[in-house]
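Written out below as structure tokens is the structure these notes cover.
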Amino acid sequence: MSHDGDELVVLEETFAGQGVGVEAEPDELEAGIKPWDPEKIRVSTKSFSLRNVLDMIDSKDLELAPDFQRNRVWKARQKSRLIESLLLQIPLPAFYFAEDVDGMLRVVDGLQRLSTIHSYVREQNLALEDLEYLHTSEGQIFDELSPALQRRLNNAQIVVHVIDPTTPDEVKYDIFKRINTGGEPLNGMEIRHCMSRPRSRAFLRRCVQSDQFQRATNGTLRDHVRMHDREAALRFIAFRLLGNVDRYEDFGSLERLLDWAAAQLDDPKLVADNVLDQLFTGFEQAMFNAELLFGAHAFRKWSTWNERLSPINRALLESWGYALAEANPAALAVAREEIVSEARKAMTQDYRYIESISSSTSDARRVRERFAKPQAILKGALE
């Protein structure tokens with residue numbers, strides 16, 4: 000957030016030089032996080048043959064997290080050149096895997112490379128094109144390569160850094176954030192996606208793929224390249240699981256709360272299937288009510304002097320979503336004009352509230368501020 004004269008300028012987050020439809024959320028508190036004990040790092044380095052790694056993928060001992068959206072950026076030429084590099088026996092950069100307590104491995108860094116190799120060797124749905132050196136292999140799928148080249152690919156050795164499950168989560172997060180994947184470090188939700196289990200990932204996918212979520216966010220977050228769709232849904236779910244916003248102080252940061260919420264969703268003993276259904280129902284109700292009230296401006300800053308469509312604001316989504324999850328649509332429709340007017344006034348004149356949805360959004364005081372405002376607006380309009 001910045002000011003241009005008297006006008007509030009909303010800063011959009013970018014990825015690969017392009018806007019991603021989500022408002023940037025600078026958090027000055029990150030600088031104050033205490034460093035962890037480096038003695039707690041547990042990372043081993045191993046060498047695997049590609050045949051061994053592909054077998055692990057097929058047996059589901061190694062998970063590729065196929066819905067990791069950033070993988071979609073690779074073109075056919077890049078994929079072919081990767082295979083060509085292996086056939087030329089050029090060593091690949093190291094991979095990072097994370098191991099859980101059950102011995103399951105998840106790919107943290109190298110997802111696109113392994114997906115490409117698996118697609119070529121096992122799925123046979125990639126033909127080589129635009130090769131630089133091996134012109135005789137142009138247009139060939141794996142089975143059409145010479146036996147010598149097939150062996151070379153299968154026997155190629157890759158270096159893997161395996162993060163041990165005994166490594167504390169905060170240490171894992173820092174390791175992951177330092178890994179440069181595709182030119183961009185992983186963000187918190189991308190890391191969480193790699194560390195979580197299929198149950199929470201499937202539930203969050205169900206939330207963000209729902210028609211009501213897509214309508215409320217005007218399709219802006221569809222298959223989001225930085226997983227901000229999943230993060231937005233998880234933030235809403237986390238506070239619903241928390242129940243009382245005052246309990247947020249027990250976690251100290253939004254990242255820790257989201258880690259806790261993902262772990263809750265992953266364990267059916269902590270969040271049963273029927274509770275998942277209730278959470279989904281509340282999520283859809285919140286999305287419906289937000290669209291009912293704010294239309295295309297739902298979960299976006301909308302001051303009294305600006306009719307332009309701002310980027311999605313995740314702090315607005317979690318706090319207004321929380322307030323609207325159990326609201327009666329008929330009552331909201333009657334009071335719509337007053338609710339929208341008060342909300343826009345708060346986003347224009349109340350600078351403490353504006354700060355709470357703009358920066359340092361992990362700060363406990365600002366969390367309380369932004370959750371209290373929509374609840375107060377609804378109470379005043381509906382009672």
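Heads up, the sequence shown is in numbering that gives the first Met the number 0, so the first residue is 0 and it goes up one at a time. By construction, the Cβ of each residue, glycine as well, lies at the ideal position given by its N, Cα and C atoms.
Assuming contact is defined by CB atoms lying nearer than 8 Å, are R41 and D163 in contact in what I supplied? In the sequence shown, counting from the first residue as 1, residue 41 sits at position 42. In the sequence shown, counting from the first residue as 1, residue 163 sits at position 164. Taking 8 Å as the Cβ cut-off, R41 and D163 qualify as a contacting pair.
Write down the C-beta distance between A153 and R50 rounded to the nearest angstrom, noting that I regard them as a contact closer than 8 Å. As a first step, residue 153 must be located in the sequence shown, where it is residue number 154. As a first step, residue 50 must be located in the sequence shown, where it is residue number 51. Sequence inspection shows Asn at residue 153; the Ala mentioned does not correspond to that position. So it is a contact: roughly 4 Å between Cβ atoms.
Does the distance from the C-beta atom of I157 to that of F175 stay below 8 Å? Here residue 157 corresponds to residue number 158 of the sequence shown, with the count starting at 1. Here residue 175 corresponds to residue number 176 of the sequence shown, with the count starting at 1. Pairing I157 with F175 gives a Cβ-Cβ distance that is not under 8 Å.
If we count the other Cβ atoms within 10 Å of its Cβ and call it buried at 16 or more, is D272 buried or exposed? Your numbering for residue 272 matches position 273 in the sequence shown. The residue is exposed, with fewer than 16 neighbouring Cβ atoms inside 10 Å.
Where does F96 sit, in a helix, a strand or coil, going by DSSP? Start at 1 with the first residue of the sequence shown, and residue 96 comes out as number 97. It is a strand residue.
Beta carbon of R335 nearer than 8 Å to that of L377: By one-based count along the sequence shown, residue 335 stands at place 336. By one-based count along the sequence shown, residue 377 stands at place 378. No, the pair does not count as a contact, with Cβ atoms beyond the cut-off.
Assuming contact is defined by CB atoms lying nearer than 8 Å, are F235 and A285 in contact in what I supplied? One-based indexing of the sequence shown puts residue 235 at position 236. One-based indexing of the sequence shown puts residue 285 at position 286. Yes; because the gap between Cβ atoms is below 8 Å, this pair is in contact.
Please classify K300: is it buried, with 16 or more other beta-carbons within 10 angstroms of its beta-carbon, or exposed? For the purposes of this step, residue 300 is taken as the residue at position 301 of the sequence shown. Counting Cβ neighbours within 10 Å, K300 comes out buried, since at least 16 surround it.
Going by DSSP in three states, G18 sits in which element: helix, strand or coil? On the sequence shown, position 19 is the one that residue 18 refers to. Strand.
Could you have a look at D108 and say whether DSSP puts it in helix, strand or coil? Stepping through the sequence shown from its first residue, residue 108 is reached at position 109. Three-state result, D108: strand.
Where the beta strand (DSSP E) containing K45 begins and where it ends: Sequence index remark: in the sequence shown, residue 45 carries index 46 (1-based). Here the beta strand (DSSP E) through K45 covers V42 to S48.
Can you give me the C-alpha to C-alpha distance between L28 and F279, rounded to a whole angstrom? To locate residue 28, count along the sequence shown from 1; it is residue 29. To locate residue 279, count along the sequence shown from 1; it is residue 280. Note that L28 scores 40 on pLDDT, short of 50, meaning its location in the model is unreliable; the coordinates nonetheless yield the value given after this. So the alpha carbons of these two residues sit roughly 31 Å apart.
Run the CB neighbour count on K74, radius 10 Å, all protein chains shown included, and call it buried at 16 or more, exposed below. One-based indexing of the sequence shown puts residue 74 at position 75. Exposed: under 16 other Cβ atoms inside 10 Å.
Please classify A329 as buried or exposed, where buried requires at least 16 other C-beta atoms within 10 Å of its C-beta. Locating residue 329 in the sequence shown gives position 330, counting from the first residue. A329 should be labelled exposed.
Is the beta carbon of E341 closer than 8 Å to that of A297? The sequence position of residue 297 within the sequence shown is 298, counting from 1. The sequence position of residue 341 within the sequence shown is 342, counting from 1. No.
Between S355, S361, T360 and W319, which lies nearest to A375 when the distance is taken from Cα to Cα? For this step, residue 375 is matched to residue 376 along the sequence shown. Checked all of S355, S361, T360 and W319; the closest Cα to A375 is W319.
For E306, which of E325, G281, L316 and V339 has the nearest alpha-carbon? Here residue 306 refers to the residue found at position 307 when the sequence shown is read from its first residue. It is V339 whose Cα lies nearest to the Cα of E306.
Whole runs of the beta strand (DSSP E) within the region 108 to 161, excluding any shorter than 3 residues: none
How would you label A295, buried or exposed, when you count the other beta carbons within 10 angstroms and need 16 or more for buried? In the sequence shown, the residue the question calls residue 295 occupies position 296. Its Cβ having fewer than 16 others within 10 Å, A295 is exposed.
Return the chain-ordered list of same chain residues with a C-beta closer than 7 Å to the C-beta of G31, the five sequence neighbours on each side being excluded. Along the sequence shown, one-based indexing puts residue 31 at 32. Only weak support is given to the placement of G31: the predicted model assigns it a pLDDT of 39, under 50, and the value that follows is read from those uncertain coordinates. So no residue of the chain qualifies.
Kindly give me the distance between the Cβ atoms of A363 and E248, rounded to whole angstroms, as I take these residues to be in contact under 8 Å. Here residue 363 is taken as the residue at index 364 of the sequence shown, counted from 1. Here residue 248 is taken as the residue at index 249 of the sequence shown, counted from 1. Indeed, because the Cβ distance is near 5 Å, the residues count as touching under 8 Å.
Can you pull the DSSP bridge partners for E62? For the purposes of this step, residue 62 is identified with residue 63 of the sequence shown, where counting begins at 1. BP columns for E62 point to R105.
Closest by C-alpha distance to R112, when choosing among L85, L130, D276 and H134: As a working note, residue 112 is residue 113 in the sequence shown. Nearest option by C-alpha distance: L85.
With 16 as the cutoff for other CB atoms within 10 Å, does D108 come out buried or exposed? Counting from 1 along the sequence shown, the entry for residue 108 is found at position 109. With 16 or more Cβ atoms within 10 Å of its Cβ, D108 is classed as buried.
Inter-residue CB distance, A237 and A260 (contact presumed, cutoff 8 Å): Within the sequence shown, numbered from 1, the residue matching residue 237 stands at position 238. Within the sequence shown, numbered from 1, the residue matching residue 260 stands at position 261. Right, their Cβ atoms sit about 4 Å apart.
Answer with buried or exposed for K78, where buried requires no fewer than 16 other C-beta atoms within 10 angstroms of its C-beta. The sequence position of residue 78 within the sequence shown is 79, counting from 1. Its Cβ being crowded by 16 or more others within 10 Å, K78 is buried.
Alpha carbon to alpha carbon, how far is R229 from M0? Give it in angstroms, no decimals. Translated into positions along the sequence shown, residue 0 becomes position 1. Translated into positions along the sequence shown, residue 229 becomes position 230. With a pLDDT of only 45 at M0, under the threshold of 50, the placement of this residue in the model should not be trusted, and no figure is reported.
Label S114 either buried or exposed according to how many other C-beta atoms from any shown protein chain fall within 10 Å of its C-beta, with 16 as the threshold for buried. The sequence position of residue 114 within the sequence shown is 115, counting from 1. Label assigned to S114: buried.
Does DSSP classify R225 as helix, strand or coil? Working through the sequence shown from its first residue, we reach residue 225 at position 226. Residue state, collapsed to three classes: coil.
Quick check: the Cα distance between M103 and F141, rounded to an integer number of angstroms? Within the sequence shown, the letter at position 104 stands for residue 103. Within the sequence shown, the letter at position 142 stands for residue 141. Between M103 and F141, the C-alpha separation is close to 28 Å.
Using a 10 Å radius around the Cβ and a threshold of 16 neighbouring Cβ atoms, would you call L127 buried or exposed? Here residue 127 refers to the residue found at position 128 of the sequence shown. Taking all protein chains in view, the Cβ of L127 is crowded by 16 or more other Cβ atoms within 10 Å, so the residue is classified as buried.
If you reduce the DSSP assignment to three classes, tell me which class R196 lands in. The residue given as residue 196 occupies position 197 in the sequence shown. R196 falls in the coil class under three-state DSSP.
Do V106 and L61 have their beta-carbon atoms positioned less than 8 Å apart in this structure? As a first step, residue 61 is located in the sequence shown; it is residue number 62 there, counting from the start. As a first step, residue 106 is located in the sequence shown; it is residue number 107 there, counting from the start. Yes, the Cβ-Cβ distance between L61 and V106 is below 8 Å.
If T283 sits next to Q211, beta carbons under 8 Å apart, how far is it from one beta carbon to the other, in whole angstroms? Position 284 of the sequence shown, counted from the first residue, corresponds to residue 283. Position 212 of the sequence shown, counted from the first residue, corresponds to residue 211. Note on identity: in this sequence residue 283 is Glu, with Thr being the wrong assignment. Contact holds; Cβ gap of about 5 Å.
What runs of the alpha helix (DSSP H), each 4 residues or longer, lie entirely inside the region 257 to 315? 272 to 293
Nearest-angstrom Cα distance between E290 and L316? As a first step, residue 290 must be located in the sequence shown, where it is residue number 291. As a first step, residue 316 must be located in the sequence shown, where it is residue number 317. Rounded to the nearest angstrom, the two C-alpha atoms are 11 Å apart.
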